[in-house]
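K.L.:
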Amino acid sequence: MIKSTHSTMILHPFTKPLSQAAPRIAASASSSSIDLLSQLRGGAKALASNAPFDLDLAKTRLEGLSYGTVTALIIGAALAISDNTNEKTTPVPDRENSTRRERVTIRLDNALKILFSICMILTVAFGIYTTIVFTLMNIYGHTALGLGLNDSFVAFFDACSKYRQFGFYSFICTLISFNVGWLISVILNYEGKMRWRMVAPALLIGLGGMFHYKAIFNLASSLIFANLQ
Numbered sequence: 000m001i002k003s004t005h006s007t008m009i010l011h012p013f014t015k016p017l018s019q020a021a022p023r024i025a026a027s028a029s030s031s032s033i034d035l036l037s038q039l040r041g042g043a044k045a046l047a048s049n050a051p052f053d054l055d056l057a058k059t060r061l062e063g064l065s066y067g068t069v070t071a072l073i074i075g076a077a078l079a080i081s082d083n084t085n086e087k088t089t090p091v092p093d094r095e096n097s098t099r100r101e102r103v104t105i106r107l108d109n110a111l112k113i114l115f116s117i118c119m120i121l122t123v124a125f126g127i128y129t130t131i132v133f134t135l136m137n138i139y140g141h142t143a144l145g146l147g148l149n150d151s152f153v154a155f156f157d158a159c160s161k162y163r164q165f166g167f168y169s170f171i172c173t174l175i176s177f178n179v180g181w182l183i184s185v186i187l188n189y190e191g192k193m194r195w196r197m198v199a200p201a202l203l204i205g206l207g208g209m210f211h212y213k214a215i216f217n218l219a220s221s222l223i224f225a226n227l228q
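Residues in the sequence shown are numbered consecutively from 0, following numbering that gives the first Met the number 0.
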């Protein structure tokens, strides 16, 4: 299980050349700088106490925080699905005017509509948090590098460790809530036996995708992040 991580969405553009905007770019960093540059999950030990500050590595590190980009796409997809799914509950008719099967079907649809609404709300809420948190870290990180404030970049990135962890957990919650909501929307958009025929392949693909996501997380944890401890 991955203990922590981080991400971002939009890269901050700079108009000044690095040679002019950052005269101290080639300066050596302190040991805390090396500690930070080796952190890909919010906490790792120094690789070397006397290593020079690597600007390219720092920029690559920031550019690799791409969870926010994926989350922004998920938010857009969630809003589109919500617009095309009927979320309005239906009143349950009296026993005298309906059969037991009809009442059960309406109650099931109402429960699914409520659950769908909750999933979409959570998807957007978690997605917005993830996107904004990592966008801010990316913008200010690039700003520090662009101004040649290497030590400030290190201190800022290190201080944001817990927010990267929260952002990653928020990203996972976004994935889960979106997948569940998407499956429910397939059920709500069809009636009778057709809804179950349509949701079966969607469920298989969704579950397969979740297992693959988890496998990739585990591989990253064991093959990449474990080497930083």
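Think of the CB as a built atom: it goes at the ideal place given N, C-alpha and C, for glycine as much as any other residue.
Small disclaimer: the values here were computed from a predicted structure and weren't measured.
1) Do the segment 152-159 and the segment 113-128 touch if we need at least three Cβ pairs shorter than 8 Å?
2) Alpha carbon to alpha carbon, how far is I74 from D82? Give it in angstroms, no decimals.
3) Are L144 and L64 closer than 9 Å when you measure CB to CB?
4) For my contact list, L121 and C172 are in at a C-beta cut-off of 8 Å; report their separation, rounded to the angstrom.
5) How many angstroms separate the CA atom of I138 from the CA atom of T130?
6) Between L135, E101 and K87, which has its C-alpha nearest G67's C-alpha?
7) Would you call the CB atoms of L187 and T84 closer than 9 Å?
8) Along the chain, where does the alpha helix (DSSP H) that runs through A71 open and close?
9) Relative to the C-alpha of T70, which candidate in A124, S97, A214 and K192 has its C-alpha closest?
10) Within 10 angstroms of its Cβ, does R163 collect 16 or more other Cβ (buried), or is it exposed?
11) Less than 8 Å between C-beta atoms, sequence neighbours within five positions excluded: which residues of the same chain meet that for K87?
12) If F152 sits next to G140, beta carbons under 8 Å apart, how far is it from one beta carbon to the other, in whole angstroms?
13) Roughly how many angstroms separate the alpha carbons of S184 and L56, rounded to a whole number?
14) Assuming A110 and F177 make a contact with CB atoms under 8 Å, what is their CB distance in whole Å?
15) What runs of the alpha helix (DSSP H), each 4 residues or longer, lie entirely inside the segment 143-198?
16) State the start and end residues of the unbroken alpha helix (DSSP H) segment that holds K58.
P.N.:
Taking the coordinates as given:
1) no
2) 12 Å
3) no
4) 7 Å
5) 12 Å
6) L135
7) yes
8) Y66 to D82
9) A124
10) buried
11) K112
12) 6 Å
13) 43 Å
14) About 19 Å; that fails the 8 Å criterion.
15) 149-158 and 160-187
16) L54 to E62
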